[in-house]
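Data block below; observations after.
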Amino acid sequence: MIKSELVQIVAARNPHLYHRDVENIVNAVLDEITDALAAGNRVELRGFGAFSVKNRPSRSGRNPRTGDSVFVEEKWVPFFKTGKELRERLNPGADDEDDE
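Residues are numbered in my numbering as their position in the sequence shown, beginning at 1, plus a constant of 1.
Written as structure tokens, this is what we have:
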């Protein structure tokens with residue numbers, strides 16, 4: 002699903018809202034998540050999951066074409082951990098076996 006499809010689905014479920022307002026709302030939510038991650042904060046959406054940033058330290062890597070050793074700088078990468086409700090919806094009945 003891409004962002005425009007998400008906007009269309011939300012607009013269809015909320016016919017009292019204008020399409021451009023739904024688009025602004027979706028953009029605002031995504032912008033807030035992005036801004037929080039950029040500030041180093043964690044964003045948790047109960048039942049869905051949590052977004053956070055993880056540090057990848059600098060390291061020595063290899064150029065696959067030449068085989069030469071190259072330096073890879075430290076970087077911060079986004080990380081998503083699914084929530085319990087989402088995992089259960091994706092894997093129905095998977096937790097039932099653990100309870101026995």
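Using N, Cα and C, we set each Cβ at its ideal position, and we do this for glycine too.
{"Item": "Cβ-Cβ distance between residue 54 and residue 78 below 8 Å", "Value": "yes"}
{"Item": "Start and end residues, alpha helix (DSSP H) containing residue 39", "Value": "20–39"}
{"Item": "Cβ neighbours of residue 100 in the same chain (closer than 7 Å, five flanking residues each side left out)", "Value": "Any answer about residue 100 is weak, because its pLDDT of 49 lies below 50 and its placement is not dependable; what the coordinates show is given next. There are no such residues."}
{"Item": "Distance between residue 71 and residue 23 (C-alpha atoms, nearest Å)", "Value": "46 Å"}
{"Item": "Distance, residue 63 Cα to residue 102 Cα", "Value": "Given a span of 2 to 101 for the chain in the structure shown, any question on residue 102 remains unanswerable."}
{"Item": "Extent of the continuous beta strand (DSSP E) run through residue 57", "Value": "50–57"}
{"Item": "Under the three-state DSSP convention, the category residue 75 falls into", "Value": "coil"}
{"Item": "DSSP state of residue 43 mapped onto helix, strand, coil", "Value": "coil"}
{"Item": "Given 8 Å, three or more beta-carbon pairs between the segment 75–93 and the segment 39–49", "Value": "yes"}
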